[in-house]
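In my numbering, the protein residues as written are 5 to 355.
Note that the Cβ used here is the ideal one computed from N, Cα and C, for glycine as well.
Everything numeric in this text was worked out from a predicted model, so none of it was measured.
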């Protein structure tokens, strides 16, 4: 694999335009740039340049049949990429763009197969991030951008995560500070009727149905899809996993606490170093352990902002096992948090 001298661009108020012009020039010239969005950091390249997009797959070690999300600057830019914008898709774009909603539509031939994983559809999103939208605008390109991490690892929520995974593998990294949301966008397939949610995110099923009526929920947070054709990232391969074993314990808070307590006794007999990722309501019962807080169990937006950071934090602390408290709410973005942890976990215990 090619070794890169990765540039690190630190965004400040006084250099915002200058830095983004430099980064946009990298995109224009077929290079790869990691940049923050409101969800997670993405690894971007010109979506219509097959060679540039191939560099994304090589840098991440990403399977070639795993489609990418293409980021646009405006709704009008979508007309260059898709055959038609269905009425329901247009309603959702007007309501939730810019924002954490990815819309799948029939692609035009101009979009290369490598960007779409060989599918006849393309996934489009307009990010709600000044850095991301300015980068797209200045580059004059639609930017294909999966999360900026090694394939299968927890998604990056700060530039330091990107540097750890991809420095020397890509051309540039824009350090724009921590992201706002912490989990990837909701993905909805508009090529079916009714439309189908393929990945949960901040924009919930209820949010979408309030605009366009009934939709199907086509993701499964308990199993991987094997050889089944999938139209969204995050559905087919192992995702979000740190290097060590993750066990998720789900149930009511008091039952989860009891189960984790027993597990600590069992694993302590083997002198294992166990890291706990807990809701605030559970922490007081495990003060002697290595702990990372997800926030209050009824505030899943806190868990969303912290879960990937917590998995990486435990990895960096060289624990032998990570146990995650799954007693947090699954309402709204909580469904997305549950989906991501289930995909990161090697085993799930329901109590």
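- In chain order, 185, 186 place their CB closer than 7 Å to the CB of residue 309, counting only its own chain and leaving out the 5 sequence neighbours on each side.
- Contact between the stretch 110 to 128 and the stretch 20 to 32 is absent, with fewer than three C-beta pairs closer than 8 Å.
- Contact between residue 329 and residue 282 holds, with the beta-carbon distance rounding to 4 Å and staying under 8 Å.
- Residue 109 carries a strand assignment under DSSP once its states are collapsed to helix, strand and coil.
- About 23 Å separates the beta carbon of residue 163 from that of residue 76, a gap too long to meet the 8 Å contact definition.
- A straight line joining the alpha-carbon of residue 315 with that of residue 278 spans about 12 Å.
- Cβ neighbours of residue 43 within its own chain (closer than 7 Å, five residues either side excluded): 104, 183, 185, 187, 188, 189.
- For residue 178, the CB contacts under 8 Å within the same chain, skipping 5 residues up- and downstream, are 13, 15, 23, 24, 27, 37, 38, 39, 40, 135, 139, 163 in chain order.
- Taken atom to atom, the span from the alpha-carbon of residue 141 to that of residue 18 is near 19 Å.
- In this structure, the beta-carbon distance from residue 204 to residue 339 falls below 7 Å.
- When the five nearest sequence neighbours on each side are left out, the beta carbons in the same chain lying within less than 6 Å of the beta carbon of residue 296 are those of 281, 314, 317, in order along the chain.
- Per DSSP, the continuous beta strand (DSSP E) segment holding residue 203 begins and ends at 200 to 203.
- For residue 125, the enclosing beta strand (DSSP E) starts and ends at 125 to 129.
- A straight line joining the alpha-carbon of residue 254 with that of residue 9 spans about 44 Å.
- Beta-carbon to beta-carbon, residue 65 and residue 155 are separated by about 5 Å, close enough to satisfy the 8 Å threshold.
- Per DSSP, reduced to three states, the secondary structure at residue 351 is strand.
- Ranking 193, 347, 214, 250 by CA distance to the CA of residue 89 puts 193 first.
- Excluding five sequence positions before and after residue 334, the CB atoms of its chain that fall closer than 7 Å to its own CB belong to 342, given in chain order.
- Around the beta carbon of residue 301, 16 or more other beta carbons sit within 10 angstroms, so the residue counts as buried.
- Taking a C-beta distance under 7 Å as the contact criterion, residue 206 and residue 355 do not qualify as a contact pair.
- If you draw a 10 Å sphere on the C-beta of residue 218, you find fewer than 16 other C-beta atoms in it, and that means exposed.
- Residue 118 and residue 126 have their C-alpha atoms some 11 Å from each other.
- In this chain, residue 254 is not harboured by any alpha helix (DSSP H); it is covered by the beta strand (DSSP E) spanning 249 to 254.
- By a beta-carbon distance limit of 8 Å, residue 176 does not contact residue 47. Their separation comes to about 10 Å.
- Beta-bridge partners of residue 331 (DSSP): none assigned.
- Note on geometry: alpha-carbon atoms of residue 213 and residue 307 lie some 24 Å from one another.
- For residue 191, no alpha helix (DSSP H) encloses it; the enclosing beta strand (DSSP E) starts and ends at 190 to 193.
- The criterion of a C-beta distance shorter than 7 Å is not satisfied by residue 244 and residue 160.
- Of the residues assessed, residue 30 falls on the buried side of the cut-off, its CB having 16 or more other CB atoms within 10 angstroms.
- Nearest C-alpha to residue 336 among 208, 144, 54: 208.
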